[in-house]
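Residue numbers (this note's numbering): 6 to 87.
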């Protein structure tokens, strides 16, 4: 699992039909409490917003987080850190 801060929305004019209605966010990864120069795009499953610190799961766990192992995603926001 990764930790990061949401830095932006990603607008998609076309996307996989099964992802219609999904929100994509740009996440700046955090390591040892410090922002890095690494960014990922993740599907938002918890209603996160810009500036919030989030937990991101990747790989096959990301697909399971969406409850569909065949979903074409590699990263999903699964939590908001208080």
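Note that CB positions come from ideal geometry on N, CA and C, so glycine has one too.
Sheet register partners of residue i (DSSP bridge)
i, result
"residue 13", "31"
"residue 49", "28, 82"
"residue 8", "35, 60"
Endpoints, the alpha helix (DSSP H) within which residue i is located
i, result
"residue 71", "That residue, residue 71, is in no alpha helix (DSSP H); it is neither H nor E in DSSP."
Residue i, enclosing beta strand (DSSP E) - first and last residue
i, result
"residue 18", "Counting along the chain, residue 18 falls outside any beta strand (DSSP E), and DSSP gives it neither H nor E."
Which listed residue (the options) has its alpha carbon closest to that of residue i
i, options, result
"residue 41", "24, 47, 71, 32", "32"
"residue 54", "87, 68, 69", "87"
"residue 43", "10, 14, 79, 50", "10"
"residue 15", "76, 70, 48, 79", "48"
"residue 36", "60, 79, 30", "60"
"residue 19", "13, 12, 29", "29"
Assumed close pair residue i, residue j - CB separation to whole angstroms, cut-off 8 Å
i, j, result
"residue 62", "residue 83", "5 Å"
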